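Only one structure is covered here, and it is reproduced in the block below.
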Amino acid sequence: MTKTVSVSKGDTLMAVLTRAGADRTESHEAITALNEIFDPRSLKIGQDVTLYFGNTDTDQESGTAAPGLIRVSLKEDVDRQLAAVRTPGEGFTAQETILELDRKTVRAGGVIQSSLFLSAAQAGIPTKTIVDLIRIFSYDVDFQREIQPGDGFEVYFERFADEDGRVLKDGAIIWASMTLSGKEYSAYRFRTSDDGFTDYYNAQGQSIKKTLMRTPIDGARLTSGFGKRKHPTLGYTKMHRGVDFGARSGTPIMAAGNGTVEMAARNGGYGNYVRIRHNSEYKTAYAHMKNFGKGIRKGARVKQGQIIGYVGSTGRSTGPHLHYEVHRNSKQINPLSVKLPAGRKLGGKMLAAFQAHTDGIRKEVAGVELETKLASANVE
Numbered sequence: 004m005t006k007t008v009s010v011s012k013g014d015t016l017m018a019v020l021t022r023a024g025a026d027r028t029e030s031h032e033a034i035t036a037l038n039e040i041f042d043p044r045s046l047k048i049g050q051d052v053t054l055y056f057g058n059t060d061t062d063q064e065s066g067t068a069a070p071g072l073i074r075v076s077l078k079e080d081v082d083r084q085l086a087a088v089r090t091p092g093e094g095f096t097a098q099e100t101i102l103e104l105d106r107k108t109v110r111a112g113g114v115i116q117s118s119l120f121l122s123a124a125q126a127g128i129p130t131k132t133i134v135d136l137i138r139i140f141s142y143d144v145d146f147q148r149e150i151q152p153g154d155g156f157e158v159y160f161e162r163f164a165d166e167d168g169r170v171l172k173d174g175a176i177i178w179a180s181m182t183l184s185g186k187e188y189s190a191y192r193f194r195t196s197d198d199g200f201t202d203y204y205n206a207q208g209q210s211i212k213k214t215l216m217r218t219p220i221d222g223a224r225l226t227s228g229f230g231k232r233k234h235p236t237l238g239y240t241k242m243h244r245g246v247d248f249g250a251r252s253g254t255p256i257m258a259a260g261n262g263t264v265e266m267a268a269r270n271g272g273y274g275n276y277v278r279i280r281h282n283s284e285y286k287t288a289y290a291h292m293k294n295f296g297k298g299i300r301k302g303a304r305v306k307q308g309q310i311i312g313y314v315g316s317t318g319r320s321t322g323p324h325l326h327y328e329v330h331r332n333s334k335q336i337n338p339l340s341v342k343l344p345a346g347r348k349l350g351g352k353m354l355a356a357f358q359a360h361t362d363g364i365r366k367e368v369a370g371v372e373l374e375t376k377l378a379s380a381n382v383e
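Under the working numbering, think of the first position of the sequence shown as 4, with each following residue one higher.
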């Protein structure tokens with residue numbers, strides 16, 4: 004007998020298996036086996052888990068085969084199938100099946116009409132790739148003030164298809180370019196051999212990453228700048244020591260940089276509030292959150308771009324928005340005008356390897372037709 008159960012909000016793998024009728028002891032054994040190749044905490048809402056029931060080991064008292072759980076399987080990705088399989092006399096063992104996909108490269112782009120996100124979506128570029136594109140350029144580009152109608156963008160990225168040519172998933176951005184008011188920004192994906200890290204660099208071999216992202220939220224609009232303003236709820240003029248980004252309730256908020264969470268709690272008029280210490284000089288703060296991201300608590304280590312919470316309207320607030328602050332040496336400064344410390348600059352043999360790599364990418368891109376309307380991936 005086979006039974007498939009979809010993961011619901013708040014589900015653990017144990018809850019899914021027992022809801023499907025599996026015995027708790029057998030479920031625990033299957034989960035223990037899966038732990039070798041899968042983190043059960045990474046279950047996603049809507050993900051399907053399939054259970055197979057049949058005759059298990061011979062019952063010692065009756066001498067007959069006893070019915071029970073014999074297999075648990077789930078698709079971790081479109082090309083990765085995981086299973087815990089019962090072997091007679093040995094219990095459950097983990098199995099991993101990797102589907103070989105054909106790698107393609109796609110070049111797509113267009114002209115910005117209103118926003119980069121909308122224009123890229125209209126060009127058929129997948130949401131994941133658009134979000135990656137925004138994050139890549141978020142260190143240098145102020146998406147609220149610098150993008151104008153008529154600016155251009157291009158992205159060269161991976162797609163993976165099955166043997167029938169059906170696109171199953173989109174991969175990494177290999178190269179991207181934005182032209183804003185005549186100024187070109189470019190980013191090349193490159194793996195440095197000395198440390199094994201993959202990052203994005205401009206044409207000069209300078210990492211595009213900064214200590215902090217300029218905007219820690221995708222697709223939001225700047226609603227209030229840094230400086231004196233009439234407070235929207237108190238009614239009098241007050242120094243606004245941060246910037247506000249208006250966005251839908253529940254929009255993810257990202258850590259502006261690597262660091263340690265100093266505070267993740269209710270904080271008076273700030274509502275649900277997170278403060279992150281990035282180094283001895285910089286801290287960032289995020290206020291009015293609807294709720295906190297998974298694992299976000301005092302002392303937690305976070306990575307740049309990690310979701311730390313979601314836009315809300317807690318505390319002294321007139322509507323859903325993110326209040327964002329940058330602190331330098333304990334003083335609040337304007338996040339939109341601060342000059343952010345740069346990342347790695349390649350040199351010597353590494354720079355030469357990078358330049359050879361980018362020459363190859365430019366030749367590849369030149370040989371691929373620019374698509375202005377892509378068909379979407381058929382991701383299951």
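Beta carbons: idealized from backbone N, C-alpha and C, even for Gly.
Predicted model, so just to flag it, every value in this text is computed and none were measured.
Using a Cβ-Cβ cut-off of 7 Å (strictly less than) and excluding sequence neighbours within five positions of residue 383, which residues of its own chain qualify? Interpretation of residue 383 is limited by its pLDDT of 42, a score under 50 that renders its predicted location unreliable; the figure taken from the coordinates is listed afterwards. Counting only Cβ-Cβ distances below 7 Å, and skipping sequence neighbours, we find 81.
Going by beta-carbon coordinates alone, are residue 291 and residue 315 separated by less than 7 Å? yes
Of the residues 320, 269, 308 and 307, the one placed nearest residue 295, counting alpha carbons only: 269
From the DSSP secondary-structure annotation, give me the bridge partner or partners of residue 325. 248
Who are the near neighbours of residue 20 in its chain, counting only those whose CB is closer than 6 Å to its CB and skipping five residues on each side? 30
Pick from 170, 71 and 144: whose alpha carbon is nearest that of residue 184? 144
Let me know the alpha helix (DSSP H) ranges lying completely inside the stretch 89-158, each 4 residues or longer, listed in chain order. 119-125 and 130-140
With a floor of 3 residues, list each beta strand (DSSP E) that falls wholly inside the stretch 309-371, ordered by position along the chain. 310-314, 324-331 and 334-336
Starting from residue 30, trace the alpha helix (DSSP H) in both directions and tell me its first and last residue. 27-37
Run through the DSSP bridge pairs and tell me what residue 171 is partnered with. Residue 171 is not bridged to any residue.
Where does residue 255 sit, in a helix, a strand or coil, going by DSSP? strand
Tell me, please, whether the CB atom of residue 216 is closer than 7 Å to any CB atom in chain D? As a matter of chain content, chain D is missing from the structure shown, which is built from one protein chain.
Any chance the stretch 190-204 sits against the stretch 346-354, with 3 or more Cβ pairs inside 8 Å? yes
Residue 342, buried or exposed, once every other Cβ within 10 Å from all chains shown has been counted against 16: exposed
In whole angstroms, what separates the C-alpha of residue 301 from that of residue 265? 5 Å
Please tell me whether residue 204 and residue 210 are closer than 7 Å, where the distance is taken between their beta carbons. yes
When the Cα atoms are used, what is the spatial distance from residue 236 to residue 312? With a pLDDT of only 49 at residue 236, under 50, the local geometry of the prediction cannot be trusted, and no value is derived from it.
Quick check: the stretch 173-182 against the stretch 151-158, are at least 3 beta-carbon pairs closer than 8 Å? yes
DSSP three-state assignment for residue 215, whether helix, strand or coil: coil
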